[in-house]
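What follows is a set of notes on a single structure, which appears directly below.
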Amino acid sequence: MNFIQKIVIFSLLIISHTIYADYGYPIKNPIAATVVGTPEALRITQADLQDRQPDYVKMPALNTQFKRTIDKEYKISIFPNRIIPDVFWYEKGGLKYSIAEHKTQAPLMFIIAGTGASYNSVTVKNLQKTFYQVGYHVVAISSPTIPNFMYNASRTVIPGNLLEDSEDIYHVMQRIMEKHNDIPVSDYFLTGYSLGASHAAFVTRIDDQRKSNQKDSFQFKKTLLINPPLNLVTSVDVLDKMFEENIPGGIDHFHEFFERFINKASTFYRENEELGVGKEFFYEILKEQPPSEEEMKVMIGFVFRISSTGMIFGADVFNRQGYIVPKNKVDKLTPSSSLTHYSKVAHRLGFNDYIKHFYLPTFEKKRGVSVEELIEQASLESIETYLKGNGKIALMHNMDDPILLPGEIDTLKSLFPGRTMIYPYGGHMGNLQYKKNVIDMINYFDDKKIFNKDDVVSLVTGEMQ
Amino acid sequence: MKISAFFSSFKSYRLILIVLLYVVLQGCSTIEHQQTVDEEPALNTLESLDVKSDTRYAVDVYDPWETMNRRIYNFNAQLDDYLLLPVIDGYQAYIPLFLRQGIHNVYSNLTTINHTLNAALQLKGKSTFNNGMRFISNSTMGLMGIFDIATGMGYPEISEDFGQVLGHWGASEGPYLVLPFFGPSNLRDTAGLGVDFLIAELYLDALGMNEGSEGWLFLYYGLMGVDKRANVDFRYYDSLTPFEYDFIRMMYTAQRRILIGE
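Protein chains in written order, with the numbering used here: chain Y, 1 to 465; chain C, 1001 to 1262.
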C-alpha cells in the first residue's frame, strides 16, 4: 500500500457524513486535520497557479530546485555586541531568514512563522513558494519563540509579549530591507500563521503608528492573519493540556507511550534509511499508521512541547532566572555539557508554566504592569479598536480550530467585521495547502476577494472549480 | 585479499581518524572535572515537580562517554557547515541529476552485497532473496548497477548492516557513540560498521581497486561520502531544540531497536 492510498483510506475513515456542499476539504475531524494536513491529491500545485503566474516569474520544475536556486538563506547580525552563551554556540552566526526574490519590480510579502517554527519550516516554505509563483518577492522570518530569533533579535530574550515580540520582528524586517535595498519593491504585504498571525496584526499596527514618518514605514497594503489564537495564554493552555491529559496513566508514563508510538514507525524505518528527526517526522509516523484521537492529541501537544522546552531553556540560560538551570551553573554550561537532566525537567513544564512563573513575573517587575494587564495584552482584543477600524487586515480561520475555546471564533470574527474567510473544517491549519484556501489567500491580496457576510465562506467569485 | 593489503589501503584513513579523535578527546579531558554543589537549586527540579524517582525516561540512553560524544557531535556539525555541505552544494550544482543518480545507484548496488550477506547471516530468507535478486538484476540488466531496475521489478532496497547481524545473535548495543563523519552509533553498531567496511574491502579487492595507488580508493570513498550526505536531508541544529543531541540519541536508539527486533 503506498503513501497516497494510506492517506486516502485514513481520510475516508474520518470523514463524517455532514459535508458542506461548497467546501471540499475532506477531513472533518479537527485533530486529524491538524495532524494530516491536506491529502496530497487536493493540495495546490504549481500547475494550478499557472494562470496566476506573471510573465516575469520563472518557476523551476522541482521543489528541491526552488529551495536551491531561488530561495536564498541569509544571516543578519542585529546585536553584534551581544554575548551568546557557549551552550548555544550554533546560534552565534546571526539571525537566519530567507528571501525568494524576482529580478524585476514586484510586490513583497513578509511571512511570519508560527510558534516554534523557523523561516525554514515546511508551512513557511509552502506559502513562500506559492506567493513567489504569483509574483511576490517573499521574505520568510522565524518565530520569536525559537532560540535563533531569541538570541539574535529579541531585546529581552523572554518571548511571550505580543507587542514587544512584534516590535522585535518589525525591527528585523527593517534591517533586512536595509540590507537588501536593491530589491525593487512596489508595495509591501504581510501574512503570518498561528502565533505568527498575532504578530502580523501587531506589526501592521506598529507600522501604521509610524506612518507619519513615511520613509521609515512599510505602509503595508494588506495583511492576512491565518489561524491566529484569540489569546495566546488560553490557546497555550489548550495545547499544554492536549499533551498532559491524553497520555494513558499521565505524564509519568510518557516513556511507555513513546515506545508504543515509536513502534508504529517501524514501517517507516524499514523503508527509509534516514533517521527521523524533528516535528515533521512525528507527523509522518502518524500518517503511516492511523492513530487514535488521544494519540494524535498527545503528538500535537508533544510537538508543541518540543518547541516550548527549547524556548524555556533558552530564556532561562540567557536571563539567569534559575528557572530550570541553577543560577550558578549557567556559566559552567559548555557546548559539550550534558543537557539531558534539563531536558527532563523542561519537558515536565508547559508553556503555561513558563507564562505564569517566568514571563509574567519578570515582565510585571520589568515593565511595572499587572499580571491581569499582561494577560489582556496577550489577546487580539487588546487592539480591538484598531483591528475593527482597519480595512486592510483580514482573518482566515476555521470553525473547528482546536486551539480555540468555544466561542472564541465568534469573538475573533467580530474583530474583523466583513473581512473574514472562515471555513467549516481544517482544524489548526490543516487546510493551509488545500486548493481553495490557497486561491482565497491569493485573491485576497489581489483584491479579487469578496468576503462573505455569512459565518462560513461559501463561494468565491468564479475562481474555484 | 591479504590483511596487510587491507591495512595499507586504509592507512591514510586511519591516520586521519586517529588525529581527529585525538583532537576531540584532548578537548574532553580538560573540562567537566569540577563537581560543584548547587548553592541555590533551580526553581524547578524533578523533585520539586514531584516526579517519582523510579520514572523511566524516553531520553535516557546509556551514554557514559557523553562529553566526548557531544564534542564529536559538534565537530560533525562544523564539518558539515565548512566542508560537506559546501561540497554537496557544488556537487548538486555542477553534476547533472542523471549522473548523480547513476553514481548513487552504483554505490547502492555494491552495498547490496553487504545487505544480502547480512540478511543471510540473520537467517532472513525473504530479505536475502530480495537483496540477492536485486544485486543480480541491477548488476546485469542495470549495467553494473548504474540503473536501478530492481525496484521496479519488486526488489526494493532493504538495508541490512552487520550491526543488525550482531544484534540478531544477541550482542547488546553497548554505550552510545557518536562517530566522526558517520554520526550516531553505539559500540555494537560501530563494530558492525567496521565489518561492513571489511566486506567492502573484499569486493573492492575482487574488482581490482585495491591494487596500485590509493588514489582510486580515496575517490571511491570520497564520492561515496558525498553521495551519502547528499541523500540525507538532515541539517545540524535545525531541529530548533537545544536538546537536539538527546533527541537524536533517543531516536537513533529507538530506530536500531526496532530494526533489530529487540
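Idealized CB from N, CA, C, for every residue including glycine.
Item, Value
"Three or more C-beta pairs below 8 Å linking the stretch 49-62 of chain Y and the stretch 322-339 of chain Y", "no"
"DSSP state of asparagine 1076 (chain C) mapped onto helix, strand, coil", "helix"
"Per-residue contacts from glutamate 1066 (chain C) into chain Y (C-beta, under 7 Å)", "Ser338"
"Alpha carbon of histidine 397 (chain Y) to alpha carbon of aspartate 187 (chain Y), nearest angstrom", "25 Å"
"Residue from Y:Leu432, Y:Ala32, Y:Asp208, Y:Asp446 whose Cα sits closest to the Cα of glutamate 293 (chain Y)", "Y:Ala32"
"Proximity test, Cβ basis, 8 Å: leucine 349 (chain Y) and chain C", "yes"
"Sheet register partners of valine 138 (chain Y) (DSSP bridge)", "Y:Ala100, Y:Met109"
"Other residues of its chain near isoleucine 1248 (chain C): CB distance less than 7 Å, five sequence neighbours each side excluded", "Pro1184"
"Closest by C-alpha distance to glycine 24 (chain Y), when choosing among Y:Thr191, Y:Phe261, Y:Tyr423, Y:Val157", "Y:Tyr423"
"Burial state of aspartate 216 (chain Y) (16 or more Cβ within 10 Å)", "exposed"
"Endpoints, the beta strand (DSSP E) within which glycine 1183 (chain C) is located", "1183-1186"
"CB of glycine 135 (chain Y) within 8 Å of CB of proline 159 (chain Y), strictly", "no"
"Neighbourhood of isoleucine 1031 (chain C) by C-beta distance below 8 Å, restricted to the same chain and skipping five residues each side", "Below a pLDDT of 50, predicted positions are generally treated as unreliable, and isoleucine 1031 (chain C), at 45, falls in that range; the measurement from the model is reported next regardless. Cβ within range, chain order: Thr1067."
"Residue interval of the beta strand (DSSP E) (run including methionine 421 (chain Y))", "420-423"
"Valine 1226 (chain C) versus isoleucine 1088 (chain C): straight-line alpha-carbon distance, rounded", "6 Å"
"Minimum Cβ-Cβ distance from proline 159 (chain Y) to chain C less than 8 Å", "no"
"Beta strand (DSSP E) segment containing isoleucine 393 (chain Y), residue limits", "393-398"
"Short CB-CB distance (under 8 Å) between leucine 1085 (chain C) and chain Y", "no"
"Test: lysine 1052 (chain C) CB closer than 8 Å to a CB of chain Y", "yes"
"Neighbour-count burial assignment, histidine 253 (chain Y), 16 or more Cβ in a 10 Å radius", "exposed"
"Neighbour flag for isoleucine 1031 (chain C) against chain Y, beta carbons, 8 Å", "Summary for isoleucine 1031 (chain C): the model assigns pLDDT 45, below 50, so the residue's position carries little reliability, and this model does not support an answer."
"Pairwise C-alpha distance: valine 236 (chain Y) and histidine 347 (chain Y)", "15 Å"
"Residue-level contact to chain Y via CB, proline 1242 (chain C), 8 Å cutoff", "yes"
"Tyrosine 1062 (chain C) in three-state terms, based on DSSP", "coil"
"Sequence-distant residues of its chain with Cβ nearer than 6 Å to valine 1061 (chain C) (five each side left out)", "Tyr1176, Arg1249, Thr1253"
"As assigned by DSSP and simplified to three states, the class of threonine 1030 (chain C)", "Unreliable placement is indicated for threonine 1030 (chain C), whose pLDDT of 44 sits below 50; the coordinate value is still reported in the next sentence. Note: threonine 1030 (chain C) maps to coil in three-state DSSP."
"Local Cβ density within 10 Å of valine 1232 (chain C), reported as buried at 16 or more and exposed below that", "exposed"
"DSSP three-state assignment for aspartate 1050 (chain C), whether helix, strand or coil", "coil"
"Through-space distance from tyrosine 97 (chain Y) to leucine 163 (chain Y), alpha-carbon basis", "21 Å"
"Residues, ordered as in the chain, of the stretch 105-131 of chain Y that lie near chain C by beta-carbon distance below 8 Å", "Gly116, Ala117, Ser118, Asn120"
"Listed by chain order, chain C residues near aspartate 252 (chain Y) by CB distance under 8 Å", "Val1051, Lys1052, Thr1055"
"Threonine 223 (chain Y) - containing alpha helix (DSSP H), residue span", "No alpha helix (DSSP H) contains threonine 223 (chain Y), which is instead part of the beta strand (DSSP E) from 222-226."
"Beta-carbon neighbours of serine 194 (chain Y), restricted to chain C and to distances below 7 Å", "Going along chain C, no residue has its Cβ under 7 Å from serine 194 (chain Y), so there is no contact; the nearest lies around 15 Å."
"Contact set between the stretch 1069-1094 of chain C and chain Y, restricted to residues whose Cβ is under 7 Å from the partner", "Arg1070, Arg1071, Asn1074, Ala1077, Gln1092"
"Bridge-paired residues (DSSP) for arginine 43 (chain Y)", "Y:Tyr434"
"Contacting residues, own chain, Cβ-Cβ under 8 Å from methionine 150 (chain Y) (five flanking each side not counted)", "Pro144, Val157, Pro159, Met311, Gly314, Ala315, Phe318"
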